[in-house]
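In this note's numbering, the protein residues as written are 6 to 199.
The beta-carbon is built from N, C-alpha and C at its ideal position, and this holds for glycine as well.
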């Protein structure tokens, strides 16, 4: 018996694959018949087709998500986020106190509202520092996601950092909106009504 692909002689009658070319024999075994064939003429100028290649499918493994203890970036992420929220809360407390004081004193005159303006400047500085801490916390969260196993400390820090960014940005905007109000009222209504 002969291989139908390459024509080499098979060594065993129930052979499944050709030992020379590796093609599958299966049920295609034929007993050679005697017939007259014209010999093939092979030209040296023509290119021969490469032998058929068998493809082997390679499966890529999905990266395994490692869960583990928090690393240094996760811890920094959480600490910076908590500091950011703390600065935002302290800024809100100071600005609320300033607004209440200014409302009680009927927005005062410009000379009397210097303390109000000073408190709002302190609030803006505190919130800018809080915003920087929140941004640094998000950067540490990104590094922790790349270099450390998945952990809840990093996730909580990331959420707190987003909250810190939102609250600090809102507080800065409100402080910039509220700052000119006492000066407007003090110059618009120079005399107090008693």
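- Per the coordinates, the alpha-carbon of residue 143 lies some 26 Å from the alpha-carbon of residue 99.
- In the three-state reduction of the DSSP assignment, residue 159 falls in the helix class, which pools H, G and I.
- Taking one beta carbon from each stretch, the stretch 90-98 and the stretch 159-179 have 3 or more pairs nearer than 8 Å; the two touch.
- In this structure, residue 86 lies away from residue 149, with their beta-carbon atoms at least 9 Å apart.
- Closest by C-alpha distance to residue 145, out of 159, 24, 20 and 12, is 159.
- The Cβ-Cβ distance between residue 135 and residue 76 does not fall below 9 Å.
- Per the coordinates, the alpha-carbon of residue 104 lies some 9 Å from the alpha-carbon of residue 184.
- Here residue 22 is bridged, per DSSP, to 29.
- Distance from the Cα of residue 18 is smallest, within the candidate group 30, 11 and 12, for 30.
- Relative to residue 168, the option among 137, 9, 73 and 10 whose CA is nearest is 137.
- In the three-state reduction of the DSSP assignment, residue 14 falls in the strand class, which pools E and B.
- Judged by beta-carbon spacing, residue 178 lies beyond the 9 Å limit of residue 128, meaning their Cβ atoms are not closer than that value.
- Within the same chain, Cβ atoms closer than 6 Å to the Cβ of residue 88 are found at 138, the five residues on either side in sequence being excluded.
- For residue 7, the pairing in a beta bridge is given by DSSP as 14.
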